[in-house]
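What follows is a set of notes on a single structure, which appears directly below.
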Amino acid sequence: MNTHKVAFIRCEHFNAAHRLYNPKWDDETNYQIFGKCSNQNYHGHNYHLEVKVIGFINPDTGYVIDAKSLSDLITKKIIDRFDHKNLNLDTKEFKNLNPTVENICKVIFDILRPELDKDIELKIKLRETHKNYAEYPG
Ligand code: NI
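Going by the numbering used here, 79 is the number at position 70 of the sequence shown; the sequence numbering is gapless.
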């Protein structure tokens with residue numbers, strides 16, 4: 010019996026550079042607020058992404074979602090878009106959006122959500138450092 014939904018999690022990672030920066034403020038104020046993450050020549054992170062899909066097990070396959078198709082979707086929509094990129098300079102998503110781990114996490118959700126079946130719940134976890142990660146929806 011399908012009494013509870015099941016979560017299936019796919020982990021991927023990508024490397025990207027960024028600078029935390031608010032154009033309303035001068036460099037000094039940005040540095041005061043964002044610290045080293047506002048270094049004007051950018052810096053990189055190894056981002057660890059967890060895509061959690063929650064739904065009922067399909068009785069025919071035993072899957073909540075086909076792992077290969079989910080992996081292909083993440084590669085095509087997220088990894089190819091952000092891996093080895095400068096988020097501020099190379100991506101349209103962060104031209105006018107500060108690439109904090111919170112914002113990157115939400116952007117990834119907003120890209121993937123329309124690609125998945127409406128019956129499947131989606132949660133994104135994005136780890137930026139050993140000490141910091143974001144989840145969306147929170
Ligand atoms: Ni940073």
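Built from N, CA and C at the ideal position, the CB exists for glycine as well.
Fair warning: this is a prediction, and the values are worked out from it, not measured in the lab.
Residue i (DSSP reduced to helix, strand or coil)
i: residue 117; result: helix
i: residue 137; result: coil
i: residue 147; result: coil
i: residue 40; result: helix
i: residue 14; result: coil
i: residue 33; result: coil
Proximal residues to residue i (C-beta, below 6 Å), its chain only, five neighbours per side dropped
i: residue 79; result: 19
i: residue 87; result: 117
i: residue 61; result: 16, 18 and 132
i: residue 130; result: 63
i: residue 120; result: 86
Same chain, Cβ closer than 8 Å to residue i, five either side skipped, listed in chain order
i: residue 94; result: 25, 26 and 100
i: residue 34; result: 42
Proximal residues to residue i (C-beta, below 7 Å), its chain only, five neighbours per side dropped
i: residue 128; result: 64
i: residue 90; result: 100
i: residue 49; result: 28 and 36
Paired residues, beta bridge with residue i - DSSP
i: residue 19; result: 60
i: residue 142; result: 136
i: residue 27; result: 52
Distance cut-off 8 Å: residue i Cβ against heavy atoms of the ligand HEM
i: residue 145; result: In the structure shown, the ligand HEM is absent; the only ligands present are the ligand NI.
Distance cut 7 Å, beta-carbon to the ligand NI heavy atom: residue list by chain order: Taken from the N-terminal end onward, the list reads 27, 29, 46, 52, 54 and 137.
Secondary structure, beta strand (DSSP E): runs of 3+ residues fully inside the segment 58 to 133: For the segment 58 to 133, not a single whole beta strand (DSSP E) run of length 3 or above is found.
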